[in-house]
Amino acid sequence: MKMYDIIFAKSFSRREQKKLRYGAFLFCLLIVLSLCTVFKPYLGPIHVLSLRLSLVVDTKMFMVNDTSSSQHTAKVENVLAKIVDDTKSSPQMNDAERVLPEILFNDTRSSQQIAKDEENVTKNILTNDTRSSPQKAEVEEIETKKVDPMCTSEERTDFCQARGDIRIHGKSSSVYIVSPETSLLAENISWRIRPYARKDDAYAMIQVREWSLKQVKVSQKVPECTKNHSIPTVLFSTGGYIGNHFHEFTDVLIPLFLTSRHFNGEVQFIITDKRPWWISKYQPVLNKLSNYDIIDIDRDDEVHCFPSVSVGLKRYRKELSIDPEKYSYSMKDFRDFLRSSYSLKRVQAIKIRDDQPKKPRLLIISRQRSRSFTNMAQIAKMAKRLGFIVIIKEGGGSMSSFADAVNSCDVLMGVHGAGLTNILFLPENAVFVQVLPYGSVEWLAKNDFAEPSKDMNLKYLEYKIRLEESTLIQQYPLDHIILKDPPSIGKIGWETFKTVYFDKQNVRLDVKRFKPTLLKALELLHQ
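As structure tokens, this is what we get:
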């Protein structure tokens, strides 16, 4: 190379050398242009990015694409145009920022390289301090207004959650979610919801008031706040099947626990379809979940404002159950919560030992109107002979005293019905005996109580009566379809099935046949 420089210097003057270099550069440039002209027809189309720009700030992202509303797209495009113009003219502009227009409109890179470069460029643009603070703030404001689904529809429930400027007006059954003018949230979107956790049951839901949730901009006609609250709120209904002990727990109390327990009392309950007696019945539970007086909202003309709202209740699809993998709680947590609410003393059922004189306590759930034991005295006498202390109680009256009575027992037995919901108050490892009336009720018995009892850490036994133990045999001839083919009655409809096998049937237990079931209960208490 050194020899070449010496020869080149001797052959040409410095001025001639400079001319030769310029000539060589121009010649190479002409060759490149000629090649581009010849091969241009064979080149693929230049990749043009769709109208989609991802701006990444502190791991957050907002997206604008060709499916967005024109108003929102225009707003973001204007902001981006300002950024591009300013970064072009900035003396401190770096190489990544300088190529932004090329990335947006004329790009021949691979899709992987495009994605990588887009991320690098947008990071540089959004974090570079050469932009004016108003431009920075505008981009960050757009970015932070994320469009998230507010309402969730599940198998048994619909519920909506929102944060921000929440305004609730009872008389119009309206919840307003008010967003600022600069928000990217779509305007005039609304949802309609009946806040009761049994949406698959049409008969229950027609007894629940419908509420509307409206997403609006602050400039729109929105009622002004008349009462301000600094805590979250949960709005739910005590309509539906309230009045049935089973449904009060599976449709309301367990879902309410799931929805509000994490607030540790710092939550305001708003009730629609309010039943004052229901609030009195479950006052200890409600007081444990919320530190504030319940608002009866239906006829309230005030506009209550909150920082966040849950309309409707979360709920697991199974009866009297909580899925611990889906929620942060389990049925054990709920039963512990009930024990605390009612100040129940016993956590564990008795463990019988041969050298221990203490007798186990048996609670027989009594019913008066239907599915009642017609030979209660005979059943109690047999149970006492086996070594049980027998308590007979019917639901009703003080919930606290009934819960305490159940918690004091080691075995609970009763005919399938809402009264068996009281197994929730039994101590751990207690025995639960469900008596099935005549008819095809196995699926109800399993779903309502048998399966749930396992999650409550109870020991489950089942006794299915024969036709001879049912009072239906006194009402119909032996060849009647009601006695011969119960499933066919079920096909007619639930109401017909319920009337025949639940409302018009009582039980006369064959105590000799039932005796082994109680002996098994004693055996389980030994374990």
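Using my numbering, you'd call the opening residue of the sequence shown number 7 and step up by one each time.
Heads up, the beta-carbon is just placed ideally off N, CA and C, and yes, glycines get one too.
Nearest to residue i by CA position, among the options, is which residue?
i: G549; options: E160, R377, I195; result: A question about residue 549 goes unanswered here, because the residues of the chain that appear run from 7 up to 533.
i: Q226; options: I276, S266, P238, I183; result: I183
i: S336; options: S349, Y322, S347; result: Y322
i: V240; options: P282, L36, I301; result: I301
i: K399; options: M388, Y288, G420; result: G420
i: L259; options: L450, H422, Y288; result: Y288
i: I328; options: A451, A527, F255, K497; result: F255
i: R281; options: G246, R267, S266; result: G246
i: I444; options: R267, I471, A409; result: Note that residue 444 is Tyr in the sequence shown, not Ile. Comparing Cα-Cα distances from Y444 to each of R267, I471, A409, the minimum goes to I471.
i: N453; options: W283, L326, N293; result: L326
i: C231; options: I199, I174, S218; result: I174
i: P261; options: F340, K223, I276, K233; result: F340
i: A168; options: S178, M156, K177; result: M156
i: V224; options: P492, K332, P186; result: P186
i: K364; options: T502, F394, Y348, Q374; result: F394
i: F508; options: K526, K521, T477; result: T477
i: T265; options: D306, C166, V437, F379; result: C166
i: S179; options: Y482, V214, R375, F503; result: V214
i: K504; options: Q480, E475, H422; result: H422
Name the two residues that bound the continuous beta strand (DSSP E) containing residue i.
i: M405; result: Note, M405: premise wrong, no beta strand (DSSP E); alpha helix (DSSP H) at 405-413.
i: D171; result: 164-175
i: L442; result: 437-442
i: V240; result: 239-243
i: R367; result: 367-372
i: L418; result: 417-421
i: P313; result: 309-317
How far does the alpha helix (DSSP H) with residue i in it extend, from its first residue to its last?
i: G496; result: 492-498
i: K220; result: No alpha helix (DSSP H) holds K220; the beta strand (DSSP E) holding it covers 217-223.
i: F263; result: 260-266
i: K460; result: 457-461
i: S185; result: No alpha helix (DSSP H) contains S185, which is instead part of the beta strand (DSSP E) from 180-185.
Looking only at its own chain, which residues have a Cβ that is under 7 angstroms from the Cβ of residue i, when we skip the five neighbours before and after it?
i: G403; result: none
i: P433; result: R352, V353, Q354, A355, N413
i: V396; result: L368, I370, A386, A389, K390
i: N435; result: Q354, A355, N463, K465
i: I195; result: Q221
i: F269; result: P238
i: D257; result: Y202, A203, R204, G246, Y247
i: K122; result: Low local confidence applies: a pLDDT of 48 at K122 is under 50, so the model's placement there is unreliable, and no value is given.
Between which residues of its own chain and residue i is the CB-CB distance below 6 angstroms, once the five residues before and five after are set aside?
i: I358; result: L531, H532
i: N428; result: V412
i: E457; result: none
Cutting at 8 angstroms between CB atoms, please list the residues of its own chain near residue i, excluding the five before and the five after it.
i: I172; result: V181, Y182, I183, V184, T239, C311, F312, P313, S314, V315
i: T523; result: V439, L467, Y469
i: G271; result: K294, L295, S296, N297
i: P140; result: In this prediction, P140 has a pLDDT of 49, which is less than 50 and means its spatial position is unreliable; nothing more can be read from the coordinates.
i: E529; result: none
For my contact list, residue i and residue j are in at a C-beta cut-off of 8 angstroms; report their separation, rounded to the angstrom.
i: T158; j: A203; result: Wrong, their Cβ atoms sit about 12 angstroms apart, outside the cutoff.
i: Q274; j: S296; result: 7 angstroms
i: L515; j: N381; result: 6 angstroms
i: P229; j: V309; result: 5 angstroms
i: L430; j: L489; result: That belief does not hold up - the Cβ atoms of L430 and L489 are roughly 34 angstroms apart, past 8 angstroms.
i: S218; j: R198; result: 5 angstroms
i: L426; j: F455; result: 5 angstroms
i: V441; j: A527; result: Contact flag wrong, Cβ pair sits at about 13 angstroms.
i: R377; j: N234; result: Incorrect: roughly 51 angstroms between the Cβ atoms, too far for contact.
For residue i, decide whether its Cβ has a neighbour in chain C, counting only Cβ atoms nearer than 8 angstroms.
i: L484; result: Looking for chain C here will not work: only one protein chain is present.
With a threshold of 7 angstroms (Cβ to nearest heavy atom), would residue i be considered close to the ligand FAD?
i: E308; result: This structure simply doesn't include the ligand FAD, nor any ligand for that matter.
The stretch 301-317 in contact with the stretch 250-261 per 3-pair CB rule at 8 angstroms: no
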